[in-house]
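Per my numbering, residue 1 is the first one in the sequence shown, and the count goes up by one each step. Ideal Cβ positions, reconstructed from N, Cα and C, are used throughout, including at glycine. See below for the structure under consideration.
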Amino acid sequence: MNLIDRANAVVAALDLPPAVFKTCPWQPRELIDEGLRQWLRCCAAALRDNQIIGMPSHAVDEAWHGFILCTARYSAFCKQAYGRFLHHHPEGGAPDNAPADPMGEQLRRTVIAWSMVAAPGERCVLWDLDTHVGVEQPWGIDASTVTDIETDLARITHRV
């Protein structure tokens with residue numbers, strides 16, 4: 001089983017404890033849960049291709065922080081899903097030797113990663129999740145930007 005298929009299966013079976021959402025007050029929690037699972041799937045494509053992707057949702061980022069704080073569960077998940085630990089490098093907190101691409105480029109790679117892990121017809125909730133759950137200063141990726149990236153990606157993949 002390849003890395004993406006393995007990660008998709010492990011993410012689908014993942015039992016997230018309530019502690020994950022302790023610092024994530026937004027509702028509906030199910031939407032944030034779905035966003036976190038989609039993010040973790042995107043991370044598989046990024047790890048496989050040795051890329052750094054950007055987090056498009058503040059609410060999902062908070063849930064991811066909550067998962068990371070469940071250190072034993074998070075470590076076991078990473079080993080099972082990715083075969084190695086998935087580090088979190090907040091903006092400005094990456095090691096000196098890590099590439100420091102602008103957030104716009106990292107978010108572009110997140111859209112590309114989603115195209116690699118999504119089931120046919122599956123909609124990504126990450127792009128505008130924050131506006132749906134009432135985050136005061138929402139992050140996200142504008143729908144037209146997502147469309148432009150997907151169009152460019154389709155053009156490139158049809159050329160190959």
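Where the alpha helix (DSSP H) through C43 begins and ends: 29-48
What would DSSP say about L16, mapped onto helix, strand or coil? coil
Can you tell me the Cβ-Cβ gap for Q106 and G54, rounded? I've got them flagged as a contact below 8 angstroms. 3 angstroms
Count the CB pairs spanning the region 127-134 and the region 66-77 that are closer than 8 angstroms, and state whether there are at least three. no
Spatial distance of L31 from L3 (CA atoms): 25 angstroms
Element boundaries [alpha helix (DSSP H), containing Q80]: 71-82
Between the CA atoms of D142 and P56 - distance to the nearest angstrom: 10 angstroms
Classify I156 as buried or exposed, calling it buried when 16 or more other Cβ atoms lie within 10 Å of its own Cβ. exposed
Run the CB neighbour count on G104, radius 10 Å, all protein chains shown included, and call it buried at 16 or more, exposed below. exposed
Given that a residue counts as buried once 16 or more other Cβ atoms are within 10 Å of its Cβ, and exposed if not, what is N161? An answer regarding residue 161 cannot be provided, because it is not within the stretch 1 to 160 covered by the chain.
Please state the DSSP three-state secondary structure of E122. coil
How would you write the range of the alpha helix (DSSP H) that S115 sits in, first residue to last? 103-117
Does the Cβ-Cβ distance between V111 and V146 come in under 7 angstroms? yes
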